[in-house]
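Novice:
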Amino acid sequence: MNVPLVKIRTYNKAISNNRCARVDSRGVELSPGTHEVQQLFRSAFTILRVLSLTLLFQFSELPIHAADSVTAIRGAIPKSSVSDILDSLVNATYFKDEHFSATSKEGEKFGFPANFVPQYSDSVYASRIALLAHKTPFNLVYNDHVRGFIRIYAVDKRNLTAKILGLTKIYFPLFEEKLDTYNIPLEMKYLAIVESALNPTAVSPAGAKGLWQFMYGTGKMYGMQSSSFIEDRYDSEKATVAACRYLRDLYNIYGDWFLTLAAYNSGPGNVNKAIRRAGGIKNYWAIWDYLPAETKGYVPAFIAVNYIMNYYNEHNIRPVEPGFLYHDIDTLRTTRMLSFDQINETIGVPMRDLQFLNPQYKLGIIPAAGYNGNGSVIRLPKQYIAQFQKREQEIYAYKSPGAVEREQLLARVESFSGGGGAQGAAEQAEKTHIVQQGENLGSIARMYRTYISQLIVWNNLKDPEVTPGQKLIVFGGTENRNSVQNDEERGIGVRKKIESHRVGRHETLSSIARKYGTTVGRITELNHLSHRSGIVAGQHLKIEREVVSKRSRISSRHSRGIKSVQRARGHKAKKESSARHSRKRRR
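Residue numbers (the working numbering): 84 to 670.
1) Please report the distance separating the alpha-carbon of Tyr481 from that of Ser422.
2) Note down the Cα distance separating Lys218 from Phe199, rounded to an integer number of angstroms.
3) Please report the straight-line C-alpha distance between Lys514 and Ala528, rounded to a whole angstrom.
4) In angstroms, rounded to a whole number, what distance separates the CA positions of Phe341 and Gly352?
5) Residue ranges of each alpha helix (DSSP H) run of no fewer than 4 residues wholly in the segment 260 to 310, ordered along the chain?
6) Suppose you measure from the CA of Pro201 to the CA of Asp239; what does that come to, to the nearest Å?
7) Would you kindly work out how many angstroms separate the C-alpha atoms of Val460 and Leu415, rounded to a whole number?
8) What separation, rounded to the nearest whole angstrom, lies between the Cα atoms of Cys327 and His589?
9) With C-beta atoms as the reference, is His623 less than 9 Å away from Arg585?
10) List the endpoints of the continuous alpha helix (DSSP H) containing His228.
11) If you draw a straight line from the alpha carbon of Arg462 to that of Leu446, how long is it in whole angstroms?
12) Could you compute how far the alpha carbon of Thr323 sits from the alpha carbon of Tyr305?
13) Just curious, the beta strand (DSSP E) that Pro464 is in, first and last residue?
14) Quick one: is Asn335 buried, meaning 16 or more other Cβ sit within 10 Å of its Cβ, or exposed?
15) Tell me whether the segment 235 to 254 and the segment 391 to 405 touch, counting them as touching only if at least three CB pairs, one residue from each stretch, are closer than 8 Å.
16) Alpha carbon to alpha carbon, how far is Ala197 from Ile468? Give it in angstroms, no decimals.
17) Taking the C-alpha atoms as reference points, what is the distance between His410 and Arg360?
18) Could you check the C-alpha separation between Asn399 and Phe193 for me, to the nearest Å?
19) Using CA atoms only, rank isn't needed, just tell me which of Leu609, Asp318, Val354 and Leu374 is closest to Tyr254.
20) Name the DSSP bridge partner or partners of His611?
21) Between Ile426 and Leu440, how many whole angstroms is the CB-CB distance? I'm expecting something under 8 Å.
22) Nearest to Val388 by CA position, among Leu281, Pro464 and Ala376, is which residue?
23) Any heavy atom of the ligand MG closer than 8 Å to the Cβ of Phe407?
24) Out of Leu544, Gln537, Leu538 and Asn523, point me to the one whose CA is closest to Pro551's CA.
25) Please look up how many angstroms separate the CB atoms of Val518 and Leu555, rounded, as I've assumed it's under 8 Å.
26) Is the beta carbon of Gly338 sitting closer than 9 Å to the one on Lys365?
27) Find out if the Cβ-Cβ distance for the pair Glu548, Lys579 is shorter than 9 Å.
28) For Ala291 and Trp541, what's the separation of their Cα atoms in angstroms?
29) Enumerate, from N- to C-terminal direction, the unbroken beta strand (DSSP E) stretches of 3 or more residues contained entirely within the segment 369 to 422.
30) DSSP puts Leu342 in a beta bridge; with which residues?
31) Under the three-state reduction of DSSP, which class applies to Val557: helix, strand or coil?
32) What are the residues that DSSP puts in a beta bridge with Arg628?
33) Can you check whether the CB of Pro442 is closer than 9 Å to the CB of Glu314?
34) Secondary structure at Ala474, three-state DSSP: helix, strand or coil?
35) Answer with buried or exposed for Val619, where buried requires no fewer than 16 other C-beta atoms within 10 angstroms of its C-beta.
Below is the structure:
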């Protein structure tokens, strides 16, 4: 509990005065024993008075400014979302290599020992934030909740804050350029730290993605596309432009940057409702009581990030330096489909750099035309730009060993899956299947009278997850959604199995359903979940999934079929050869 300093001073003064007093209120001198008893009661009364005033500070309706500039606000703010976002950097692959291994020597200018963690009084924090407030259009204030978030960044998660400081050297120049273009305060760059901790592939439990944590629908509104190959919300430049446009639109509605932040987090609907419940007052602190729990901590977290990004040296936090800076990166436009493998194996761009700089290409494949037909964009370290331009056609033509192997396997599977005559030719024709809601590889394989393994080979799938709208290449039987033919008649051994899944951090019902090739509805039914009930990390769920049984039998059947086709072709070739020789002899 934070006791205002002015009250402590009052208490100390009261004690000091009582020590000097030896008479009662009538001027009669008291005996030493009587005086001590009265002093004890007065001290106890003073302490109770201080505590009651402190409680008044803690539970008042609106923010109250104490004498030491500490603002106390009613209620507790959940800080778990900020901690979870920071924790997402722990497993980020781009911190596990030499690119982010060296630490800066900036913090050494204060002479702190390497592992020393400085901590300061409320008055120091308040004065520093007051100085920052004079340099920004944001009304930055200091209160108990801001202090709580400062502790997260400066003490509890300081090692992750050091990594964020390194990432700022890659992303902040881009943010500042776009914010300036849209006439938005440059301090808004700190919002991305609150949202994603500058993790370009961050995903929230609600499904928001990327540096600026856009939901799917909002991303579509601002021109960002999502497909099996591309996720624009992971694209640093496209997401930053979209964030600037969205922030500008919100500010045009509210005319207040803190309300703009609240609307960015919880949506304009929640902010409008809070304003109505607060009597129409358009002030973040006035509507604070009526905001969602996470949004109550949103602005305090933003203020704390403003503070720590300007005073990290004073907290002995030394940035983890990146291997390259924003200005060491350049962009190229491609005109043909390209894979990360081709670039990596021809001109030697490290795969980790390709993945880190281009997280929007989810499968490591760069589509030929992009969404607008003008080609796709790829980001590379500048030292590889000249090599790419010089050997561009060679890169396009290069086929990695993995790609060659996939093509050969595909050719073998196609030759086996087709029949004879016109019907066989028709059945071997390539088809495109668009995945529908509730479908998985097992149901699609049954629909086309083929195998799950063939679907995986034909589409170069790395895992069995498919999503509605995804396009799959299919060879084989005609589509038959109403087929009741059993698995044995098709020669495909598929059975249903109930498994237990432990919910991980950031997992949703949708992501779990995709992982196991089932549906959200089936998981809800198996686990007796209501439509409104959520899931939490550590919870165990029953999952029904389809598994391919008798795999060896299927594999051997494939093998025998391919070999029989090859033998038949060999016999046919021998017959044709002997027939040609006999014709020559007759001549």
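Glycine included, C-beta positions come from ideal geometry on N, C-alpha and C.
Specialist: According to the structure shown:
1) Distance between the alpha carbons of Tyr481 and Ser422 is about 10 Å.
2) Between Lys218 and Phe199, the C-alpha separation is close to 30 Å.
3) Lys514 and Ala528 have their C-alpha atoms spaced approximately 13 Å apart.
4) C-alpha separation (whole angstroms): 15 Å.
5) Correct list: 274 to 279 and 299 to 304.
6) Annotation: Pro201 to Asp239 spans about 12 Å, alpha carbon to alpha carbon.
7) Distance between the alpha carbons of Val460 and Leu415: 6 Å.
8) Taking the CA atoms as reference points, Cys327 sits about 26 Å from His589.
9) Against a cut-off of 9 Å, the Cβ pair of Arg585 and His623 comes out as a contact.
10) Its alpha helix (DSSP H) spans residues Asp227 to Arg234.
11) Distance between the alpha carbons of Arg462 and Leu446 is about 16 Å.
12) Rounded to whole angstroms, Thr323 to Tyr305 spans 11 Å at the Cα level.
13) In this chain, the beta strand (DSSP E) harbouring Pro464 covers Ser459 to Pro464.
14) Taking every protein chain shown into account, the CB of Asn335 has fewer than 16 other CB atoms within 10 angstroms, so this residue is exposed.
15) With a cut-off of 8 Å, the segment 391 to 405 and the segment 235 to 254 count as touching, because enough Cβ pairs lie within range.
16) Between Ile468 and Ala197, the alpha-carbon positions lie close to 39 Å from each other.
17) So the two alpha carbons sit approximately 48 Å from each other.
18) Put simply, the backbone Cα of Asn399 is about 8 Å away from that of Phe193.
19) Closest by alpha carbon: Asp318.
20) Residue pairing by DSSP places His611 opposite no residue, since no beta bridge is assigned to it.
21) So it is not a contact: roughly 11 Å between Cβ atoms.
22) For Val388, the nearest C-alpha among the options comes from Leu281.
23) Ligands in the displayed structure: none, and consequently the ligand MG is not present.
24) In terms of CA proximity to Pro551, Asn523 leads the group Leu544, Gln537, Leu538 and Asn523.
25) Approximately 7 Å separates the beta-carbon atoms of Val518 and Leu555; this is inside 8 Å, confirming the contact.
26) Yes; because the gap between Cβ atoms is below 9 Å, this pair is in contact.
27) Taking 9 Å as the Cβ cut-off, Glu548 and Lys579 do not qualify as a contacting pair.
28) Straight through space, the alpha carbons of Trp541 and Ala291 are spaced by roughly 31 Å.
29) You should have 412 to 417.
30) Under the DSSP definition of a beta bridge, Leu342 lacks any partner.
31) In the structure shown, Val557 sits in a strand (DSSP, three-state: E or B).
32) Answer is Lys580.
33) Cβ distance < 9 Å, so Glu314 and Pro442 count as in contact.
34) Note that residue 474 is Arg in the sequence shown here, rather than Ala. Judged by DSSP in its simplified three-state form, Arg474 adopts coil rather than helix or strand.
35) Exposed, since its Cβ has fewer than 16 Cβ neighbours within 10 Å.
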